[in-house]
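*Asks:*
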Amino acid sequence: MAPIPPGIRLLVSFDRDQWYRALTFILTFLLYTSFHLSRKPISIVKSELHKNCSSVSELATVVSGSGSQQPSLPSLHTDIDCSWKPFDKSNYKQLLGAMDYSFLCAYAIGMYLSGIIGERLPIRLYLTVGMLTSGLFTCLFGLGYVYNIHSLGFYIFVQVANGLVQTTGWPSVVTCISNWFGKGRRGLIMGIWNSHTSVGNILGSLIAGYWVSSNWGLSFIVPGFIIAAMGIVCFLFLIEHPNDLKCIYAQKSSPGKSASTKSWNGVNSHTEVYLQYKDNKTQSYDTELLLPRDSVCVPAQPFVVVKSESEPSAISFMGALRIPGVVEFSMCLLFAKLVSYTFLFWLPLYITKAAHLDAKKAGDLSTLFDVGGIVGGILAGVISDKLGKRATTCGVMLLLAAPTLYGFSMISQFGLGPTIGMLLVCGGLVNGPYSLITTAVSADLGTHKSLKGNAKALSTVTAIIDGTGSVGAALGPLLAGLLSAGGWDQVFYMLMTADFLALLFLLRLVTKELASTKSRPTSVIELKEH
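With the numbering used here applied, the sequence shown closes on residue 527, and no number is skipped along the way.
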């Protein structure tokens, strides 16, 4: 007999549950990657919506003067000189900013409602509808180019609608991944999983950049089709909870044999046990303890003596706020996300001015901030898993981030090498707490022991925390735009102040963790099967 290949040995070493965990991890990673992929095109297309008309005119003059007889390439819009109306006026910065803020504000407001709605609907269907409608509105923005639409109201409406439907994504995927992975290594697992943000941004930039100069409508239409296609994949393959699988396998048990089957509810953590006999009739386990088992099944309904616990209701908004730590971490994330999104929107421009690089090199260099963010998120998860102190881990990183930001503002003027190093460090310290709070901390609080096993709070808690953070995401770029007129130093002072305020809101939790008489990791916190 030939020996079994080592690769096959590795594959069969994993049990069924491990394979389904891997499927859920990869699938939710790809689902939220498509969300970020569809958000990125607007930042790429901005340069095409408003061009430097003088440069375009000079280029046209050179081409016409060369006497070249080559036919010009076909274009859908030969009547547009250089910029896309209404972004061809002097107030184009305000108009482009209005599109950003309309999306971010709609996202922040919608996030508070999304979690509450998501707790009352099946996650798979809720996420599928959100991805399909997000694909629709993303494509609509691109169709503005195809159908020559120049109404600012149209683009604002699309951004607002897209911001609202995209709020279905984050609470759903965090709830799903939390259902499959326990608290023991939640920080590490979610730190790796949260890299989908950077992967989506990179892919979105590449896809949108491919068509931005020739047909910027496709820069939106293609990502729109991608997120819609992923919505269909979500509908076909997403498993919300491990207990949903147990129901499937229980139903497959042979009806011709006496076998006990369990009926799980994958949402509310409560289990009701039934025994199934040859005649396909069932009786509850409580009845079985009192009645003798016979060849003929005794109907269960008249003899049930212990009533199964009723399904817990979804938690209210105020009920979620009363969970210890939700308010503190929400306010901390507001300021942490303010810093992160300010870098997202303004870092390429700052590098252009400080390091004297062109726009393309500055954009490529700014991706190092995301690379540092991936490393920082993973490190934050590993450290918090090891120590069992989420708030302390975030607090230390926030404390180090503030002086690092000031150092970046000084060192970035001394060349490319120091700028690269400081970008990686700043990315890790800024995005580390942001990543930890939006993933592991949200999952911990959504399954807090004060809920007594009610898992219906997870989506609402996640939405409250990320929704509050999104308020900071909308405010940060706005404040940076106002303060940058007086010099970049004022922007960095604002960012450092935001970091200190984020730390201030965590002080009570940090003090409580440090004052604890015994340090216990998060993995030993009471867990219940959902």
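We put the beta carbon where it would ideally sit given N, CA and C, even for glycine.
How close, in whole Å, do the beta carbons of threonine 528 and glycine 483 come, if the pair is a contact with beta carbons under 8 Å?
*Replies:* Since the first residue shown for the chain is -2 and the last is 527, residue 528 is missing from the structure and cannot be characterised.
*Asks:* With 16 as the cutoff for other CB atoms within 10 Å, does threonine 130 come out buried or exposed?
*Replies:* Translated into positions along the sequence shown, residue 130 becomes position 133. Buried.
*Asks:* Looking only at its own chain, which residues have a Cβ that is under 8 Å from the Cβ of glycine 466, when we skip the five neighbours before and after it?
*Replies:* Position 469 of the sequence shown, counted from the start, is the residue given in the question as residue 466. Ser327, Leu330, Leu331, Ala333, Lys334, Tyr431, Ile434, Thr435.
*Asks:* Give the straight-line distance between the Cα atoms of isoleucine 1 and arginine 13, rounded to the nearest whole angstrom.
*Replies:* Reading the sequence shown from its first residue, position 4 is the one you call residue 1. Reading the sequence shown from its first residue, position 16 is the one you call residue 13. So the two alpha carbons sit approximately 20 Å from each other.
*Asks:* Counting C-beta neighbours from all protein chains within 10 Å, is the total for phenylalanine 11 16 or more, i.e. buried, or is it exposed?
*Replies:* Taking the first residue of the sequence shown as position 1, residue 11 is located at position 14. Exposed, since its Cβ has fewer than 16 Cβ neighbours within 10 Å.
*Asks:* Enumerate in chain order the residues of its own chain whose CB-to-CB distance from alanine 499 is below 6 Å, with the five nearest sequence positions on each side excluded.
*Replies:* For this step, residue 499 is matched to residue 502 along the sequence shown. Result list for alanine 499: Cys329, Phe332, Ala333, Leu395, in chain order.
*Asks:* Quick check: the Cα distance between leucine 24 and isoleucine 236, rounded to an integer number of angstroms?
*Replies:* One-based indexing of the sequence shown puts residue 24 at position 27. One-based indexing of the sequence shown puts residue 236 at position 239. For leucine 24 and isoleucine 236, the distance between alpha carbons rounds to 10 Å.
*Asks:* Determine whether the beta carbon atoms of glycine 112 and threonine 457 lie at a separation below 9 Å.
*Replies:* Translated into positions along the sequence shown, residue 112 becomes position 115. Translated into positions along the sequence shown, residue 457 becomes position 460. It is a contact, given that the beta carbons lie within the stated cut-off.
*Asks:* Could you check whether the stretch 34 to 48 touches the stretch 198 to 207, counting it as contact only if at least three pairs of C-beta atoms, one from each stretch, sit closer than 8 Å?
*Replies:* Verdict: yes, contact present.
*Asks:* On a Cα-Cα basis, can you pick out the residue from Leu426, Leu475, Phe22, Gln156 that is closest to glycine 107?
*Replies:* For the purposes of this step, residue 107 is taken as residue 110 along the sequence shown, with counting starting at 1. The shortest C-alpha separation from glycine 107 is found at Gln156.
*Asks:* Evaluate contact between the stretch 154 to 170 and the stretch 338 to 355, counting only Cβ atoms and requiring at least three cross-stretch pairs below 8 Å.
*Replies:* No, the stretch 154 to 170 is not in contact with the stretch 338 to 355.
*Asks:* Under the rule that 16 or more other beta-carbon atoms within 10 Å means buried, what is leucine 543, buried or exposed?
*Replies:* Because residue 543 is not part of the residues shown, which for the chain are -2 to 527, the question remains open.
*Asks:* Is it right to say phenylalanine 497 is buried, meaning 16 or more other beta carbons lie within 10 angstroms of its own, or is it exposed?
*Replies:* Taking the sequence shown and counting its residues from 1, one reaches residue 497 at position 500. With fewer than 16 other Cβ atoms within 10 Å, it is exposed.
*Asks:* Could you tell me whether the Cβ atoms of glycine 228 and glycine 132 are closer together than 9 Å?
*Replies:* The sequence position of residue 228 within the sequence shown is 231, counting from 1. The sequence position of residue 132 within the sequence shown is 135, counting from 1. Yes; because the gap between Cβ atoms is below 9 Å, this pair is in contact.
*Asks:* When burial is assigned at 16 or more other CB atoms within 10 Å of the CB, is alanine -1 buried or exposed?
*Replies:* To locate residue -1, count along the sequence shown from 1; it is residue 2. Looking at its Cβ environment, which holds fewer than 16 other Cβ atoms inside 10 Å, alanine -1 is exposed.
*Asks:* Of all Cβ atoms in chain B, is any one closer than 9 Å to the Cβ of histidine 238?
*Replies:* You won't find chain B in this structure, because it holds only one protein chain.
*Asks:* CB of serine 80 to nearest heavy atom of the ligand HEM: below 8 Å?
*Replies:* No copy of the ligand HEM occurs in the structure displayed, which carries no ligand at all.
*Asks:* Return the Cβ separation of glycine 201 and lysine 37 in integer angstroms, given the expectation that the two are a contact with Cβ distance under 8 Å.
*Replies:* As a position in the sequence shown, residue 201 is number 204, starting the count at 1. As a position in the sequence shown, residue 37 is number 40, starting the count at 1. With a Cβ gap of about 3 Å, glycine 201 and lysine 37 count as contacting.
*Asks:* By a C-beta neighbour count over all protein chains shown, 10 Å radius and 16 as the cutoff for buried, is leucine 34 buried or exposed?
*Replies:* Numbered from 1 along the sequence shown, position 37 holds the residue referred to as residue 34. Buried, since its Cβ has 16 or more Cβ neighbours within 10 Å.
*Asks:* If we call anything under 9 Å between Cβ atoms a contact, is glycine 369 one with glycine 322?
*Replies:* For the purposes of this step, residue 369 is taken as the residue at position 372 of the sequence shown. For the purposes of this step, residue 322 is taken as the residue at position 325 of the sequence shown. Contact: no.
*Asks:* In terms of alpha-carbon separation, which member of Leu7, Arg18, Thr172 lies closest to alanine 440?
*Replies:* Looking up residue 440 in the sequence shown gives position 443. Out of Leu7, Arg18, Thr172, Thr172 has the C-alpha closest to the C-alpha of alanine 440.
*Asks:* Specify the secondary structure class of valine 209 as computed by DSSP and reduced to three states.
*Replies:* As a first step, residue 209 must be located in the sequence shown, where it is residue number 212. The answer is coil: DSSP assigns valine 209 none of H, G, I, E or B.
*Asks:* Go through its chain and collect everything with a Cβ distance to arginine 6's Cβ below 7 Å, but skip five positions before and after it.
*Replies:* Within the sequence shown, the letter at position 9 stands for residue 6. Answer for arginine 6: no residue qualifies.
*Asks:* So, are the CB atoms of threonine 164 and tyrosine 98 less than 9 Å apart?
*Replies:* Translated into positions along the sequence shown, residue 164 becomes position 167. Translated into positions along the sequence shown, residue 98 becomes position 101. No; because the gap between Cβ atoms is not below 9 Å, this pair is not in contact.
*Asks:* Can you give me the Cβ contacts of alanine 317 inside the same chain, cut-off strictly under 7 Å, excluding the 5 residues immediately before and after it?
*Replies:* One-based indexing of the sequence shown puts residue 317 at position 320. Excluding sequence neighbours, alanine 317 sits near Val323, Ala454, Thr457, Val458, Ile461.
*Asks:* For phenylalanine 405, count the other beta carbons within 10 Å of its own beta carbon; 16 or more makes it buried, fewer makes it exposed. Which is it?
*Replies:* Reading the sequence shown from its first residue, position 408 is the one you call residue 405. The residue is buried, with at least 16 neighbouring Cβ atoms inside 10 Å.
*Asks:* Do phenylalanine 502 and valine 427 have their C-beta atoms within less than 9 Å of each other?
*Replies:* Taking the first residue of the sequence shown as 1, we reach residue 502 at position 505. Taking the first residue of the sequence shown as 1, we reach residue 427 at position 430. Result no, Cβ atoms of phenylalanine 502 and valine 427 do not sit closer than 9 Å.
*Asks:* Would you list, in sequence order, the uninterrupted alpha helix (DSSP H) runs of no fewer than 4 residues that lie entirely inside the stretch 87 to 147?
*Replies:* Listed in chain order, they are 89 to 116, 120 to 143.
*Asks:* Just tell me which of Ile375, Leu376, Ala377, Ile348 has its CA closest to the CA of threonine 364.
*Replies:* Counting from 1 along the sequence shown, the entry for residue 364 is found at position 367. Per the Cα distances, Ile348.
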